[in-house]
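Peer 1: Chains P and V are the protein sequences, given in the same order. Using my numbering, the letters of the first sequence correspond one by one to residues 1 to 182. Using my numbering, the letters of the second sequence correspond one by one to residues 1001 to 1281. Note that the Cβ used here is the ideal one computed from N, Cα and C, for glycine as well. Okay, here's the structure, questions in a sec.
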Amino acid sequence: MQKKIRLPLRDEDIESLKAGDRVLLSGVVYTARDAAHKRMVEQEKEGTPLPVELNGQVLYYTGPTPAKPGEVIGSAGPTTSGRMDLYTPALLEKGLKGMIGKGYRSEEVIASMLKHNAVYFGAVGGAAALIARSIKRAEVVAYEDLGTEAIRKLTIEDFPVFVINDIHGGDIYKDGVAKYKQ
Amino acid sequence: MKEIAYEKIVEEVKTMCMESNYNLGEDVYSAFKQALQTERSETGKEVLTQLIDNADIAKAERVPMCQDTGTAVFMVEVGQDCHIAGGRLVDAINEGVEKGYGEGYLRNSMVYNPMNRKNTGNNTPAIVHIDLVEGEELTLHMTAKGGGAENMSALKMLKPSDGMEGVKEYILSIVKEAGPNACPPLVVGIGIGGNFERCAFLAKKSLFRPLGVRHEDPAVAELELELMEQINRLGIGPQGMGGSTTALDVKVELESCHIAALPVAVNLNCHASRHQTIVMK
Ligand code: SF4
């Protein structure tokens, strides 16, 4: 079943999402990967305010290729989310409501998502040229020195994802595989 | 003696880096189409459809199919009767990589060293394996190898008593553990035998063989097909969300080993299996 959802995520949207749902997301997401996460969590520990307000927001784990002249962004598919697991509970604590990436999350992150009513979406790893088409605007908003790993504010339209972990305990990586295992 | 100019190698390498990232090989593309026919999960079909569309867009717009444009890995066969004029072969390859990744708007994903993790800014160094062969040709095989699948690869020194059953079990356990992280559908490259470092090399080497091409030894070819069937029964499916297409192909290379040893290496490749080969004469 395919749903269209406008960001920021409302509580009723989060409530309605089920693992395995196909969703087209529109609105604003922020990009961050390893280096940006490390820096955000360090700043958080030092008590320095984060460069972007994460409360209610969605993070997209990606490090795009350089944009060709005249293009909004280069190819921009998801990177492996597990590398962000160490930092994620602290960000969920700050009100982060959704993450887009690919691959397994740790038990701790899943527990923290359940506690804070947050959803984990998977975009198709490797479909980076297709995904880039749904990114309408991109601007670096923090950590410019990190290059591809800088935090970017993306305006997206009908960005294709699947719900991996919902707030009801559903996990398509487990449920889907169980269904097709022979 | 045949002379091959340094500058010519730079140009060829530059082109290979760009083309491999923009143009998915015909072998992989038709494997997607084939999988779309047989995949049992609707979600899996949707993923495959996105991958086909993605390959079409990348080709038409000349943009990278994946944002991880990889580590540039080369397997080079140098004919012992050819002479590379004007500089070192490895320097020519690195210069070509720098140009290809720079001019091709590809992502620079290499760091100087694992301790400082500072980006080298031009995707060098490439990883270059050189083999001296007969003749006067220079053959370059290149792959842009993504980090996601490489990170889920593994090697184990099994005991000879573990036998082929132990080998198969180990391979399945690695594919299972990788799950969605290695971006399935996968190409599974396997090395059996050799020694510690040679085994890993064999696994990587096997990934250079085009999809659908079986090992020339019928017993190894049979093992490839058997493993493929077993892997596809795991249910992991496209992007790990469940389905019948977990591997697009399985490749095995094997070599002699010590009487006490049974090394096995599993080098996973994602569906963005990007390869180019050129022969310079
Ligand atoms: S594993 Fe392959 S398809 Fe997936 S993100 Fe990495 S390079 Fe791209």
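Just checking G125 (chain P) against the ligand SF4 - is the residue's beta carbon closer than 6 Å to any of the ligand's heavy atoms?
Peer 2: What you label residue 125 (chain P) is simply residue 125 of the first sequence in a count that begins at 1. G125 (chain P) Cβ: within cutoff of the ligand SF4.
Peer 1: With a threshold of 16 other CB atoms inside 10 Å of the CB of A1035 (chain V), please say whether the residue is buried or exposed.
Peer 2: Against the second sequence, residue 1035 (chain V) aligns to sequence position 35. Counting Cβ neighbours within 10 Å, A1035 (chain V) comes out buried, since at least 16 surround it.
Peer 1: Would you be able to state if there are at least three C-beta pairs under 8 Å between the segment 154-161 of chain P and the segment 1094-1108 of chain V?
Peer 2: Flag = no, the segment 1094-1108 of chain V and the segment 154-161 of chain P do not touch.
Peer 1: At the level of alpha carbons, what is the spacing between N1054 (chain V) and E46 (chain P)?
Peer 2: Residue mapping note: residue 1054 (chain V) aligns to position 54 of the second sequence, counting from 1. Residue mapping note: residue 46 (chain P) aligns to position 46 of the first sequence, counting from 1. Cα to Cα, N1054 (chain V) sits roughly 42 Å from E46 (chain P).
Peer 1: From A1126 (chain V) to R1274 (chain V), what distance separates their C-alpha atoms?
Peer 2: Taking the second sequence and counting its residues from 1, the one referred to as residue 1126 (chain V) is at position 126. Taking the second sequence and counting its residues from 1, the one referred to as residue 1274 (chain V) is at position 274. Approximately 15 Å, taken between the alpha carbons.
Peer 1: Using a Cβ-Cβ cutoff of less than 8 Å, which residues in the same chain neighbour I167 (chain P) once the five nearest sequence positions on both sides are dropped?
Peer 2: Taking the first sequence and counting its residues from 1, one reaches residue 167 (chain P) at position 167. Excluding positions up to five away in sequence, the list reads I14, E15, L17, M113, L114, N117, A118 and V119.
Peer 1: Just checking C1183 (chain V) against the ligand SF4 - is the residue's beta carbon closer than 6 Å to any of the ligand's heavy atoms?
Peer 2: For the purposes of this step, residue 1183 (chain V) is identified with residue 183 of the second sequence, where counting begins at 1. C1183 (chain V): yes, Cβ under 6 Å from the ligand SF4.
Peer 1: Once the 5 residues before and after L1186 (chain V) are set aside, which same chain residues still bring their CB inside 6 Å of it?
Peer 2: The residue labelled residue 1186 (chain V) in the question sits at position 186 within the second sequence. So the qualifying residues of the chain are A1247 and L1268.
Peer 1: I believe I135 (chain P) touches V72 (chain P) by the beta-carbon criterion, under 8 Å. Please report the beta-carbon distance rounded to the nearest angstrom.
Peer 2: Within the first sequence, the letter at position 135 stands for residue 135 (chain P). Within the first sequence, the letter at position 72 stands for residue 72 (chain P). Confirmed, Cβ separation roughly 6 Å.
Peer 1: When you compare the CB of Q2 (chain P) with every CB in chain V, is at least one pair closer than 7 Å?
Peer 2: Counting from one through the first sequence, the residue named residue 2 (chain P) turns up at place 2. No, its Cβ sits nowhere closer than 7 Å to a Cβ of chain V.
Peer 1: Where does G101 (chain P) land, buried or exposed, given buried means 16+ other C-beta within 10 angstroms?
Peer 2: As a first step, residue 101 (chain P) must be located in the first sequence, where it is residue number 101. Its Cβ being crowded by 16 or more others within 10 Å, G101 (chain P) is buried.
Peer 1: Please name the residue or residues paired with G1189 (chain V) in a DSSP beta bridge.
Peer 2: By 1-based counting over the second sequence, the position of residue 1189 (chain V) is 189. V:K1251 and V:N1267, per the DSSP bridge assignment.
Peer 1: Taking just the CA atoms, how far does L1172 (chain V) sit from R1233 (chain V)?
Peer 2: By one-based count along the second sequence, residue 1233 (chain V) stands at place 233. By one-based count along the second sequence, residue 1172 (chain V) stands at place 172. C-alpha separation (whole angstroms): 10 Å.
Peer 1: What number of angstroms, rounded off, separates the C-alpha of A1260 (chain V) from the C-alpha of R1198 (chain V)?
Peer 2: Residue 1260 (chain V) sits at position 260 when you count from the first residue of the second sequence. Residue 1198 (chain V) sits at position 198 when you count from the first residue of the second sequence. Distance between the alpha carbons of A1260 (chain V) and R1198 (chain V) is about 16 Å.
Peer 1: Would you tell me roughly how many angstroms separate the C-alpha atoms of V1047 (chain V) and L1223 (chain V), rounded to the nearest one?
Peer 2: Sequence index remark: in the second sequence, residue 1047 (chain V) carries index 47 (1-based). Sequence index remark: in the second sequence, residue 1223 (chain V) carries index 223 (1-based). When rounded, the distance between both Cα atoms is 28 Å.
Peer 1: Mind listing the chain P neighbours of M1164 (chain V)? Cutoff is C-beta to C-beta under 8 Å, in chain order.
Peer 2: As a first step, residue 1164 (chain V) must be located in the second sequence, where it is residue number 164. Within 8 Å Cβ-Cβ: nothing; M1164 (chain V) doesn't reach chain P, min ~21 Å.
Peer 1: Over what stretch of residues does the alpha helix (DSSP H) that includes Y173 (chain P) continue unbroken?
Peer 2: Indexing the first sequence from 1 puts residue 173 (chain P) at position 173. From DSSP, the alpha helix (DSSP H) with Y173 (chain P) extends over I172 to Y180.
Peer 1: I'd like the span of the alpha helix (DSSP H) that includes D1027 (chain V), first residue to last.
Peer 2: Translated into positions along the second sequence, residue 1027 (chain V) becomes position 27. Segment E1026 to T1038, the alpha helix (DSSP H) holding D1027 (chain V).
Peer 1: Output needed for D1131 (chain V): all residues of its chain with C-beta closer than 8 Å, excluding positions within five of it in sequence on either side, in chain order.
Peer 2: Taking the first residue of the second sequence as 1, we reach residue 1131 (chain V) at position 131. These residues qualify, in order along the chain: M1075, V1076, E1077 and V1078.
Peer 1: Would you mind telling me which residues of chain P sit closer than 8 Å to D1081 (chain V), beta carbon to beta carbon, in chain order?
Peer 2: Start at 1 with the first residue of the second sequence, and residue 1081 (chain V) comes out as number 81. Correct list: empty, because the minimum Cβ distance to chain P is about 40 Å.
Peer 1: In chain V, what lies closer than 8 Å to L130 (chain P) by C-beta?
Peer 2: Here residue 130 (chain P) corresponds to residue number 130 of the first sequence, with the count starting at 1. Q1050, D1053, N1054 and I1057, listed in chain order.
Peer 1: Within the 7 Å Cβ cut-off, does S75 (chain P) reach chain V?
Peer 2: Here the question's residue 75 (chain P) lines up with position 75 in the first sequence. So yes, S75 (chain P) belongs to the interface.
Peer 1: Can you grab the Cα-Cα spacing for the pair K1176 (chain V) / T80 (chain P), in whole Å?
Peer 2: The residue given as residue 1176 (chain V) occupies position 176 in the second sequence. The residue given as residue 80 (chain P) occupies position 80 in the first sequence. Whole-angstrom Cα-Cα distance: 16 Å.
Peer 1: Give, in chain order, every unbroken run of the alpha helix (DSSP H) that is at least 4 residues long and sits entirely within the segment 1054-1121 of chain V.
Peer 2: As far as the segment 1054-1121 of chain V is concerned, its whole alpha helix (DSSP H) runs of at least 4 residues are 1089-1103.
Peer 1: Does DSSP classify E46 (chain P) as helix, strand or coil?
Peer 2: On the first sequence, position 46 is the one that residue 46 (chain P) refers to. E46 (chain P) falls in the helix class under three-state DSSP.
Peer 1: Considering only the alpha carbon of each residue, which of V:C1257, V:A1092, V:I1052 and V:V1213 lies closest to L1138 (chain V)?
Peer 2: Mapped onto the second sequence, residue 1138 (chain V) falls at position 138. That would be V:A1092, whose Cα lies nearest to the Cα of L1138 (chain V).
Peer 1: Rounded to whole angstroms, what's the CA-CA distance from I1084 (chain V) to G1166 (chain V)? Just pull it up for me.
Peer 2: The sequence position of residue 1084 (chain V) within the second sequence is 84, counting from 1. The sequence position of residue 1166 (chain V) within the second sequence is 166, counting from 1. C-alpha separation (whole angstroms): 45 Å.
Peer 1: Against chain P, which members of the segment 1179-1212 of chain V pass a CB distance test of less than 7 Å?
Peer 2: Those would be G1179, P1180, N1181 and C1183, in chain order.
Peer 1: May I have the straight-line CA-CA distance separating E1169 (chain V) from D1162 (chain V), to the nearest angstrom?
Peer 2: Numbered from its first residue, the second sequence carries residue 1169 (chain V) at position 169. Numbered from its first residue, the second sequence carries residue 1162 (chain V) at position 162. Going from the Cα of E1169 (chain V) to the Cα of D1162 (chain V) covers about 10 Å.
Peer 1: Keeping to the same chain, check which residues put their C-beta closer than 6 Å to that of M1241 (chain V); ignore five residues upstream and five downstream.
Peer 2: Residue 1241 (chain V) sits at position 241 when you count from the first residue of the second sequence. Excluding positions up to five away in sequence, the list reads T1043.
Peer 1: If you measure from the CB of A1149 (chain V), is any heavy atom of the ligand NAD nearer than 6 Å?
Peer 2: The ligand content of the structure shown is limited to the ligand SF4, which means the ligand NAD is not among them.
Peer 1: Whose CA, out of P:V177, P:R39, P:D21 and P:K179, lies closest to the CA of A142 (chain P)?
Peer 2: Within the first sequence, the letter at position 142 stands for residue 142 (chain P). Checking every option, the nearest Cα to that of A142 (chain P) belongs to P:R39.
Peer 1: Looking at the unbroken alpha helix (DSSP H) that takes in Y1170 (chain V), where does it start and where does it end?
Peer 2: Numbered from its first residue, the second sequence carries residue 1170 (chain V) at position 170. Unbroken alpha helix (DSSP H) run through Y1170 (chain V): G1163 to A1178.
Peer 1: Quickly, what does DSSP pair I1231 (chain V) with across the bridge? List them, please.
Peer 2: One-based indexing of the second sequence puts residue 1231 (chain V) at position 231. Partner(s): none; I1231 (chain V) has no beta bridge.
Peer 1: Is the shortest distance between the beta-carbon of L1024 (chain V) and the beta-carbons of chain P less than 7 Å?
Peer 2: Translated into the one-based positions of the second sequence, residue 1024 (chain V) becomes position 24. No, because no Cβ of chain P sits closer than 7 Å to the Cβ of L1024 (chain V).
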